[in-house]
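Colleague: Numbering (this note's numbering), first residue to last: 1 to 138. Yeah, the Cβ is synthetic: ideal placement off N, Cα and C, and Gly gets one too.
#1: So what does DSSP say about residue 36, is it helix, strand or coil?
#2: Taking only the alpha-carbon atoms, compute the straight-line gap between residue 61 and residue 3 and give it to the nearest angstrom.
#3: Which value, in whole angstroms, describes the spacing of the CA atoms of residue 17 and residue 28?
#4: In whole angstroms, give me the CA-to-CA distance for residue 56 and residue 83.
#5: On a CA-only basis, which of 70, 25, 59 and 23 is nearest residue 46? Give me that one, please.
#6: Quick check on the DSSP output: the alpha helix (DSSP H) that includes residue 99 runs from which residue to which?
#7: Starting from the C-beta of residue 51, find all residues in its chain whose C-beta is less than 8 Å away, skip the five residues before and the five after it, and write them out in chain order.
#8: Among residues of its own chain, excluding the 5 on either side of residue 39, which ones have a beta-carbon nearer than 8 Å to its beta-carbon?
#9: Tell me, please, whether the CB atom of residue 89 is closer than 7 Å to any CB atom in chain C?
#10: Does residue 93 pass the burial test, meaning 16 or more other C-beta atoms within 10 Å, or should it be called exposed?
#11: Hey, could you find the ends of the beta strand (DSSP E) residue 24 is sitting in?
#12: Is the Cβ-Cβ distance between residue 128 and residue 7 less than 7 Å?
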């Protein structure tokens with residue numbers, strides 16, 4: 001079993017996924033717009049929303065990250081969770097933190113803690129909350 005995050009955006013899914021692709025070294029595998037949906041799904045959004053992303057997914061190593069543009073009446077600001085990234089070493093953790101937190105809001109700067117040689121909490125420029133956690137050396 002694998003748990004995958006599915007992120008909701010207020011119209012910036014495509015921009016966010018291109019940013020994550022670059023920042024995390026991932027690959028966007030699919031991006032489908034509301035107007036491409038069969039049947040009545042495309043009719044359930046306003047005309048100015050039909051070019052927004054109904055479903056996107058990307059691979060990052062052996063993991064999958066999914067997302068969508070939630071129509072305004074369904075979008076809620078992310079709260080009550082963080083997407084956690086575990087990395088092998090401090091250099092990788094710091095690199096990811098610096099990339100993802102650019103133009104975002106840092107909650108806890110990247111630093112050593114009692115449980116990790118490198119840890120940070122922040123929200124990226126799209127409002128998605130993240131944690132970066134480095135593994136202890138063996």
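Modeller: According to the structure data:
#1: The residue you call residue 36 lines up with position 36 of the chain shown. Reduced to three states, the DSSP call for residue 36 is helix.
#2: The count along the chain shown starts at 1 and reaches residue 61 at position 61. The count along the chain shown starts at 1 and reaches residue 3 at position 3. Each residue's Cα considered, the two are about 14 Å apart.
#3: Start at 1 with the first residue of the chain shown, and residue 17 comes out as number 17. Start at 1 with the first residue of the chain shown, and residue 28 comes out as number 28. If you take the alpha carbons of residue 17 and residue 28, they lie about 7 Å apart.
#4: Numbered from its first residue, the chain shown carries residue 56 at position 56. Numbered from its first residue, the chain shown carries residue 83 at position 83. The alpha-carbon atoms of residue 56 and residue 83 are separated by roughly 17 Å.
#5: Residue 46 sits at position 46 when you count from the first residue of the chain shown. Nearest C-alpha to residue 46: 70.
#6: Here residue 99 is taken as the residue at index 99 of the chain shown, counted from 1. Unbroken alpha helix (DSSP H) run through residue 99: 90-101.
#7: Taking the first residue of the chain shown as position 1, residue 51 is located at position 51. Within the same chain, residue 51 has close Cβ partners 33, 34 and 35.
#8: Position 39 of the chain shown, counted from the first residue, corresponds to residue 39. Closer than 8 Å at Cβ, skipping near neighbours: no residue.
#9: The structure shown contains no chain C; it is built from a single protein chain.
#10: Residue mapping note: residue 93 aligns to position 93 of the chain shown, counting from 1. It counts as buried.
#11: For the purposes of this step, residue 24 is identified with residue 24 of the chain shown, where counting begins at 1. Counting along the chain, residue 24 falls outside any beta strand (DSSP E), though it belongs to the alpha helix (DSSP H) covering 13-24.
#12: Counting from one through the chain shown, the residue named residue 128 turns up at place 128. Counting from one through the chain shown, the residue named residue 7 turns up at place 7. Yes, the pair counts as a contact, with Cβ atoms nearer than the cut-off.
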